[in-house]
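So the sequence shown is residues 3 to 319, counted in this note's numbering.
Quick reminder that beta carbons are idealized off the backbone N, C-alpha and C, glycines included.
These numbers come from a predicted model, not from an experiment.
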Amino acid sequence: MKEEDKKIYDASIKSFDTEEFLDLWFYRPLGFHCALFFRNRGVHPNVITIISIFLGIAAGVCFLQESLRWNIAGVLLLMWANLYDSTDGQLARITGQKTRWGRILDGFAGDCWFFCIYFAIAARETFQPIPFAPEYNWGPIIWILVSFCGFWVHGSQCQLADYYRNIHLYFTNEKNGNEFHNSNAQREEYKKTPWRGNFFWKIFLNAYIAYVENQERMSPKFQIFIKKVHEKYGTVLPEWLRKKFREGSLPLMKYTNILTFNSRAIMLCFALLTGELWIYLIFELVVLMALFIYMQYKHEKLCERLTKEIEMQDEKH
Numbered sequence: 003m004k005e006e007d008k009k010i011y012d013a014s015i016k017s018f019d020t021e022e023f024l025d026l027w028f029y030r031p032l033g034f035h036c037a038l039f040f041r042n043r044g045v046h047p048n049v050i051t052i053i054s055i056f057l058g059i060a061a062g063v064c065f066l067q068e069s070l071r072w073n074i075a076g077v078l079l080l081m082w083a084n085l086y087d088s089t090d091g092q093l094a095r096i097t098g099q100k101t102r103w104g105r106i107l108d109g110f111a112g113d114c115w116f117f118c119i120y121f122a123i124a125a126r127e128t129f130q131p132i133p134f135a136p137e138y139n140w141g142p143i144i145w146i147l148v149s150f151c152g153f154w155v156h157g158s159q160c161q162l163a164d165y166y167r168n169i170h171l172y173f174t175n176e177k178n179g180n181e182f183h184n185s186n187a188q189r190e191e192y193k194k195t196p197w198r199g200n201f202f203w204k205i206f207l208n209a210y211i212a213y214v215e216n217q218e219r220m221s222p223k224f225q226i227f228i229k230k231v232h233e234k235y236g237t238v239l240p241e242w243l244r245k246k247f248r249e250g251s252l253p254l255m256k257y258t259n260i261l262t263f264n265s266r267a268i269m270l271c272f273a274l275l276t277g278e279l280w281i282y283l284i285f286e287l288v289v290l291m292a293l294f295i296y297m298q299y300k301h302e303k304l305c306e307r308l309t310k311e312i313e314m315q316d317e318k319h
């Protein structure tokens, strides 16, 4: 890669602290070339996001089929959708077309993919025998399990992982830390925004407020910490605090990556190849939930410790 292209590529990456190995090795380099292709043709990043939604839905349709050929096609479509999920963000950063519409639409895209995937899992397993109890079929049990995994387990894991990455960027990367939001500011904007001419934005903003509120509920000690930080320092964070936060937060970034897309996609591929789709749900309920609890515990302890350090500094002065 030429030096000039290397600089543009680096600018297309949100932060190397928060990138996963597979993304840096495969999706980001390929996504960068796709971003250049679309940039040269004047395509807006949100258009790429919308295309990724249809690709992900198509993957879910393929997973409905029990044919290995269809399932392989679904995996390739899901990889294509994820590639465009990388491309839209890289394109937005190198063209300066980053918008909150794009961020919300990006999250909506992932929800569409996995809604179709969970539906396919439930539909295929309904009449399959339950492991270790082959005399019984899954029946409505699989729909309850899928609903629990999709709406609560998956949602909570991805929301908190996304929140922790945005918090990390807020403390360590001023350029890319502007996606860290709080619900009060979003609620104020919602109130001030008229419905006339902003109907769809108001709908999206209302959903986004609920999204951020849930993130805040899952991080009570961080909420105490960030309130203390803003009371003492405002928005100009001291270097010592940035450094200490990064030291504690950086080791947790690997868990935020595991809890998002790639590890889920790999396990989904394994489940599809074996024909035992319930394996994916167990992976999500047991392995990913254990990582989620550990990540949350460590992050909350970090925030508690740093809050005490700030309070000790207040006492000294």
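(request) Express the C-alpha separation of G98 and C350 in angstroms, rounding to a whole number. (result) The requested residue 350 is not part of the displayed model; the chain covers only 3 to 319.
(message) Tell me which residues share the same chain as R244 and place their Cβ nearer than 8 Å to its Cβ, disregarding the 5 neighbours each side in the sequence.
(response) The sequence position of residue 244 within the sequence shown is 242, counting from 1. Correct list, in chain order: F173 and T174.
(message) Any heavy atom of the ligand HEM inside 7 Å of the beta-carbon of L254?
(response) In the structure on display, the ligand HEM does not appear, and there are no ligands present to speak of.
(message) Could you give the first and the last residue of the continuous beta strand (DSSP E) run that contains E137?
(response) The residue labelled residue 137 in the question sits at position 135 within the sequence shown. A135 to N139 is the span of the beta strand (DSSP E), which, as asked, contains E137.
(request) Confirm, please, whether the CB-CB distance from Q159 to F285 is below 8 Å. (result) Counting from 1 along the sequence shown, the entry for residue 285 is found at position 283. Counting from 1 along the sequence shown, the entry for residue 159 is found at position 157. No, these two residues do not count as a Cβ contact at 8 Å.
(message) Between G152, E249 and L275, which has its C-alpha nearest F116's C-alpha?
(response) Counting from one through the sequence shown, the residue named residue 116 turns up at place 114. Nearest option by C-alpha distance: G152.
(request) Out of L283, N168, T195 and A267, state which residue places its alpha-carbon closest to the alpha-carbon of D19. (result) As a first step, residue 19 must be located in the sequence shown, where it is residue number 17. It is N168 whose Cα lies nearest to the Cα of D19.
(message) With DSSP as the reference, identify every bridge partner of P131, one or two as the case may be.
(response) As a position in the sequence shown, residue 131 is number 129, starting the count at 1. According to DSSP, P131 bridges with N139.
(request) Assign R198 to one of three DSSP states: helix, strand, or coil. (result) Position 196 of the sequence shown holds residue 198. Correct three-state label for R198: coil.
(message) Applying the 10 Å Cβ sphere with the 16-neighbour rule, what's the burial state of T101?
(response) As a working note, residue 101 is residue 99 in the sequence shown. With fewer than 16 Cβ atoms within 10 Å of its Cβ, T101 is classed as exposed.
(message) For S54, report the span of its alpha helix (DSSP H) as first-last.
(response) Here residue 54 refers to the residue found at position 52 of the sequence shown. It spans P47 to F65 - the alpha helix (DSSP H) in which S54 sits, taken as one unbroken run.
(request) Following the continuous alpha helix (DSSP H) through F285, name the residue where it begins and the one where it ends. (result) Looking up residue 285 in the sequence shown gives position 283. No alpha helix (DSSP H) contains F285, which DSSP labels as neither H nor E.
(request) Count the other CB atoms, across all protein chains shown, that sit within 10 Å of the CB of V289; report buried if there are 16 or more and exposed otherwise. (result) The residue you call residue 289 lines up with position 287 of the sequence shown. When all chains shown are included, V289 counts as exposed.
(request) Look at the alpha carbon of I119 and the alpha carbon of K230, and state the distance between them as a whole number of angstroms. (result) Here residue 119 refers to the residue found at position 117 when the sequence shown is read from its first residue. Here residue 230 refers to the residue found at position 228 when the sequence shown is read from its first residue. Between I119 and K230, the C-alpha separation is close to 42 Å.
(request) Give the C-beta separation of K16 and G91 to the nearest angstrom, bearing in mind that I take them to be a contact with Cβ-Cβ under 8 Å. (result) Translated into the one-based positions of the sequence shown, residue 16 becomes position 14. Translated into the one-based positions of the sequence shown, residue 91 becomes position 89. Contact holds; Cβ gap of about 7 Å.
(request) Flag this pair as yes or no: are the beta carbons of I211 and C114 separated by less than 8 Å? (result) Taking the sequence shown and counting its residues from 1, one reaches residue 211 at position 209. Taking the sequence shown and counting its residues from 1, one reaches residue 114 at position 112. The answer is no: Cβ separation not under 8 Å.
(request) Return the chain-ordered list of same chain residues with a C-beta closer than 6 Å to the C-beta of Y165, the five sequence neighbours on each side being excluded. (result) Looking up residue 165 in the sequence shown gives position 163. Taken in chain order, the residues that qualify are Q217.
(request) Return helix, strand or coil for P240, following the three-state DSSP convention. (result) Within the sequence shown, residue 240 is the residue found at index 238, counting from 1. It is coil, neither helix nor strand.
(message) Mapping the DSSP letters down to three states, classify L38 as helix, strand or coil.
(response) The sequence position of residue 38 within the sequence shown is 36, counting from 1. Three-state DSSP puts L38 in a helix.
(request) Apply the 10 Å Cβ neighbour rule to A209 and answer buried if 16 or more other Cβ atoms are within range, or exposed otherwise. (result) The sequence position of residue 209 within the sequence shown is 207, counting from 1. By the 10 Å Cβ count, A209 comes out exposed.
(request) Determine, using beta-carbon pairs with one atom in the segment 195 to 204 and one in the segment 265 to 282, whether at least three such pairs fall under 8 Å. (result) no
(message) In whole angstroms, give me the CA-to-CA distance for T51 and I96.
(response) If you number the sequence shown from 1, residue 51 lands on position 49. If you number the sequence shown from 1, residue 96 lands on position 94. Rounded to whole angstroms, T51 to I96 spans 16 Å at the Cα level.
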